[in-house]
Structure formats: structure tokens, C-alpha cells
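Q: The C-terminal residue of the sequence shown carries number 424 in the working numbering, and the numbering is unbroken.
To start, I am sharing the structure in question, which I have written as C-alpha cells.
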Amino acid sequence: MAVFQAIRTAVFYALFIGQTAIIAFILGIIALITGRTRLSWAMAVYWCSSNLVLLRGLTGVRTKVTGAEHIPEGGCIIAAKHQSDWDVFAIFPYTGRPAYIVKKELMRIPFFGWAARSLDCIEVDRKKGAEAIPSMMRQAHAAIERGCRIVIFPEGTRRAPLASPDYRQGIARLYAELNVPVVPVALNSGLFWGRNSLVIWPGTAEAKFLPAIEAGLQPDVFMDRLKKAIESESDQLILKADEQGLSRPVGPELRSKLDALRQSAAEQR
156 MAVFQAIRTA VFYALFIGQT AIIAFILGII ALITGRTRLS WAMAVYWCSS
206 NLVLLRGLTG VRTKVTGAEH IPEGGCIIAA KHQSDWDVFA IFPYTGRPAY
256 IVKKELMRIP FFGWAARSLD CIEVDRKKGA EAIPSMMRQA HAAIERGCRI
306 VIFPEGTRRA PLASPDYRQG IARLYAELNV PVVPVALNSG LFWGRNSLVI
356 WPGTAEAKFL PAIEAGLQPD VFMDRLKKAI ESESDQLILK ADEQGLSRPV
406 GPELRSKLDA LRQSAAEQR
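Put into C-alpha cells, the structure is as follows:
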């Protein structure tokens, strides 16, 4: 099973990387000549949807997204747990005109970075820490004025399932500065397509948009509500997937965390 799944994964990565390079090249050229166009947007939509199709067909990863009714009309921030590249593709169709916040290194890749900038992506230099915030805010304000919804992964990088949360202050600063609602997103995708994973495992990766947090709260109150919403619901999605049966190997550390989480959930009932 593992060898067969590794082969399926290798085929997926080959097609995924290949088509990403081709689409990035075309979009980069378009961006240099004319900026954002209907064609470039259509190609971005195709890239996300086709990756989900490839994942299902080649690796057996199905996609389930619920709770989109919680996304308000107009400007808002969508703040999602981040465990996998799947998160980008799965959230995309529900974001209207998204402005993803991405790290500077990606924006410096020829063609890919040019394409990303033309599609409203917001650059942040994580190495600068707090010094990067003013630039991010200027870009975020401009994106909101263009009618975008800001999409951010508050922990800044992909995290393993049930890893200790590590939320950065950038989301709190965005929340206070933009004065718009924040929609938390919980998910369990890392169970199937983990960070730097050599094998992608079959199963149903699930994302859930949660009720929006209203604008105007104190930063500490906001952060507490955001963490509790995302972490508690992500834990429930992970437990649900485990109860339905995981095809991936579950090591002692993850099994211990799953058992502890299940016991804690039972005690709270």
C-alpha cells in the first residue's frame, strides 16, 4: 500500500509542479505586459480547481468544504489554519477576489512572483518581523479598496496536525488596522498531505468556515476568540477523520496526541 501510494504521489507531484511552472510562466508574461486580466484570473481558477481534481484522481484525497455561509458580504479577513498546500486550493473558490498574504521568497521567484502580484497577493518579509508590518498594511488597505478579501494563515507556515499553535501578531494588527470582520477557518488537511511529505495519503480533507468574529474587539480578546475557534474545530475535524479510519501510518507521537484529545473531549461532554 505504501509503495503504491508513493508512486501515485510521485505522479501527482510531477503533474502539479509541471503545470504550475507552465501556468506561472504564462501568467508572469501577461502580468509584465498588461497586469491583471480576465484570462489570468481564469487561469488561476483553473490552477486551483485542477489541483484538487489531480489530488483526488491520483492520490485519493477528496475535498470537503463547509460553512461558506459565514463569509460576510464586502471586505473581510479569512484566517485559516495551515497544514498543507491543499489549504490554498480548497479555500480559493469561496473567497471572491482573494488577496493571499505570502512570504517574500515566493514573490521573488521569476514569473511566479510576477503572476502572484498581478493577482492581488500581498508580500510580507517574515525575516523583518515587526518591521514588515507597515508594508503589509499598505498593501492590505489597497487590496480591501479594490474589493478583495484578505486571506492569511495566522501561524505563518504549515503546522503538523495537533502541533502546539503558534499564532503571529500580524493577524491582530491586520484586524485592528482594517476594522473588518474575520472569518476563522478550521481544517485537517495535514493528516493527508503533510508538510514536506513524500507520500500523500487517501482520505477526505475537510475545511470549515466558522462564524465571523466582528470588528472592533480589543486585540487580546480577538486573538483569544480566533485561537479557540480555529484550534477547537480543527481538533474536532482531526478526531472525526481518525474515527472514520486513516489510511496513513499513525506514529506513536500522533497516536498519543489523538488519544489525549479524545479523552479530553469525552471529559467535557
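Even for Gly, the Cβ is constructed at its ideal location relative to N, Cα and C.
(1) Note down the Cα distance separating M292 from E361, rounded to an integer number of angstroms.
(2) Can you pull the DSSP bridge partners for F364?
(3) Could you say which of Q399, R350, V340 and V405 lies nearest to T221 if we only look at CA atoms?
(4) Please state whether DSSP places Y322 in a helix, a strand or coil.
(5) Please check the pair L394 and R410, which I expect to be a contact at CB under 8 Å, by giving their CB distance rounded to whole angstroms.
(6) In whole angstroms, give me the CA-to-CA distance for S344 and R350.
(7) Who are the near neighbours of R185 in its chain, counting only those whose CB is closer than 8 Å to its CB and skipping five residues on each side?
(8) Please state whether DSSP places G349 in a helix, a strand or coil.
(9) I need the boundaries of the beta strand (DSSP E) containing I307, first residue and last residue.
(10) Write down every uninterrupted run of the beta strand (DSSP E) in the segment 220 to 285 whose length is 3 residues or greater and which is fully enclosed by it, in chain order.
(11) Tell me where the alpha helix (DSSP H) around S402 begins and ends.
(12) Have a look at W348 and G212 and give me their C-alpha separation to the nearest angstrom.
(13) Taking 7 Å as the cut-off, does the CB of I368 come closer than this to any heavy atom belonging to the ligand SAM?
A: Walking through what the data contain:
(1) Locating residue 292 in the sequence shown gives position 137, counting from the first residue. Locating residue 361 in the sequence shown gives position 206, counting from the first residue. Their Cα atoms are separated by approximately 30 Å.
(2) Counted from its first residue, the sequence shown places residue 364 at position 209. BP columns for F364 point to V340.
(3) By one-based count along the sequence shown, residue 221 stands at place 66. Closest option to T221, Cα to Cα, is V340.
(4) If you number the sequence shown from 1, residue 322 lands on position 167. Coil at Y322, not helix or strand.
(5) The residue you call residue 394 lines up with position 239 of the sequence shown. The residue you call residue 410 lines up with position 255 of the sequence shown. At roughly 13 Å, the Cβ-Cβ gap does not stay under 8 Å, so L394 and R410 are not in contact.
(6) The count along the sequence shown starts at 1 and reaches residue 344 at position 189. The count along the sequence shown starts at 1 and reaches residue 350 at position 195. Taking the straight line from one Cα to the other gives about 10 Å.
(7) Looking up residue 185 in the sequence shown gives position 30. First, the amino acid is wrong: residue 185 is Ile here, not Arg. Correct list, in chain order: T192, L194, S195, A270 and S273.
(8) Position 194 of the sequence shown, counted from the start, is the residue given in the question as residue 349. In the structure shown, G349 sits in coil (DSSP, three-state: anything other than H, G, I, E or B).
(9) Taking the sequence shown and counting its residues from 1, the one referred to as residue 307 is at position 152. Here the beta strand (DSSP E) through I307 covers R304 to I307.
(10) 232 to 235, 253 to 258 and 277 to 279
(11) Looking up residue 402 in the sequence shown gives position 247. Neither: S402 is in no alpha helix (DSSP H) and is coded neither H nor E.
(12) Along the sequence shown, one-based indexing puts residue 348 at 193. Along the sequence shown, one-based indexing puts residue 212 at 57. Taking the straight line from one Cα to the other gives about 14 Å.
(13) For the ligand SAM, the structure offers nothing, since it holds no ligand at all.
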